[in-house]
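Asks:
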Amino acid sequence: MDVKKAIEQRRSIRKYKQDDVSDDLVRKVIEAARLAPSGNNCQPWRFLIARDELKEKLKQDGIIMQSWVYDAPVLIVCCADPRVYQKKHVDGWDDANVLRSVRDLSIAAEHMVLRAEELGLGTCYIGWIKKDEIKNTLDFPDHYQVPYLITVGYADEKPKPRLRKTYDEIVLNPK
Ligand SMILES: Cc1cc2nc3c(=O)[nH]c(=O)nc-3n(C[C@H](O)[C@H](O)[C@H](O)COP(=O)(O)O)c2cc1C
Numbered sequence: 007m008d009v010k011k012a013i014e015q016r017r018s019i020r021k022y023k024q025d026d027v028s029d030d031l032v033r034k035v036i037e038a039a040r041l042a043p044s045g046n047n048c049q050p051w052r053f054l055i056a057r058d059e060l061k062e063k064l065k066q067d068g069i070i071m072q073s074w075v076y077d078a079p080v081l082i083v084c085c086a087d088p089r090v091y092q093k094k095h096v097d098g099w100d101d102a103n104v105l106r107s108v109r110d111l112s113i114a115a116e117h118m119v120l121r122a123e124e125l126g127l128g129t130c131y132i133g134w135i136k137k138d139e140i141k142n143t144l145d146f147p148d149h150y151q152v153p154y155l156i157t158v159g160y161a162d163e164k165p166k167p168r169l170r171k172t173y174d175e176i177v178l179n180p181k
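Numbering (this note's numbering), first residue to last: 7 to 181.
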């Protein structure tokens, strides 16, 4: 599958088959994140792979708002460590390190989503989570950012493409 096809056919998947996703496939997905670009090559991303027991822990603590998420065989909890950047933040020039870390993480996350598509796996970003509480549940350092997790599994639905803005709506014209 080429990148264009993966971009065009990816959908957010909210219904999964109960078939397991092998460790090998999950590793391939994470490998796509590992190769992503990042500011000063600082690679702030950290990932926690949650299967049965950890998913149950998240469920018990009521971390995820939508119950279907727990039915996905694998959750990749996406974290960013703002302390990886060596240079001090300069106002008006460098963005704040929290922003930098989440920005870099998100580039890596989309690498994963597209690679998963190529591997025949469905995914969905899940930002509707309790962002502070999840750090306690999973014993993450307090300075970590956890903007979302990603569900991974074999799709049990075929959603239609969702509406997108047109080219002219998103490309700005200089005045
Ligand atoms: C950062 C981010 C957070 C999201 N959070 C959620 C979420 O909490 N729950 C959910 O069902 N979908 C979530 N989505 C999925 C979007 O709703 C979805 O991408 C959008 O409606 C477009 O649909 P598509 O992905 O199928 O093209 C999120 C997407 C992104 C990029």
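Note that the Cβ used here is the ideal one computed from N, Cα and C, for glycine as well.
1. Per DSSP, what kind of secondary structure is S18 in: helix, strand or coil?
2. Considering only residues of the same chain and omitting the five flanking positions on each side of K141, which have a CB-CB separation below 8 Å?
3. To which residues does DSSP link T184 through a beta bridge?
4. From the DSSP output, read off the bridge partner residues of R48.
5. Just verifying my parser: in three-state terms, what is the DSSP assignment at P43?
6. Given 7 Å as the limit, tell me if W51 has its C-beta closer than that to any heavy atom belonging to ligand 1.
7. Quick test of the definition: if touching needs 3 or more C-beta pairs under 8 Å, does the stretch 70–90 touch the stretch 102–114?
Replies: According to the structure shown:
1. In the sequence shown, the residue the question calls residue 18 occupies position 12. Residue state, collapsed to three classes: strand.
2. Taking the first residue of the sequence shown as position 1, residue 141 is located at position 135. Excluding positions up to five away in sequence, the list reads P147, D148, Y150, V152.
3. In the structure as shown, the chain begins at 7 and stops at 181. Residue 184 is therefore absent and cannot be evaluated.
4. Residue mapping note: residue 48 aligns to position 42 of the sequence shown, counting from 1. The sequence shown places Cys at residue 48, not Arg. In the DSSP output, where bridge partners are listed per residue, C48 has none listed.
5. The residue given as residue 43 occupies position 37 in the sequence shown. DSSP places P43 in the coil class of the three-state scheme, outside both helix and strand.
6. By 1-based counting over the sequence shown, the position of residue 51 is 45. No, since every heavy atom of ligand 1 falls outside the 7 Å radius drawn around the Cβ of W51.
7. Flag = yes, the stretch 70–90 and the stretch 102–114 touch.
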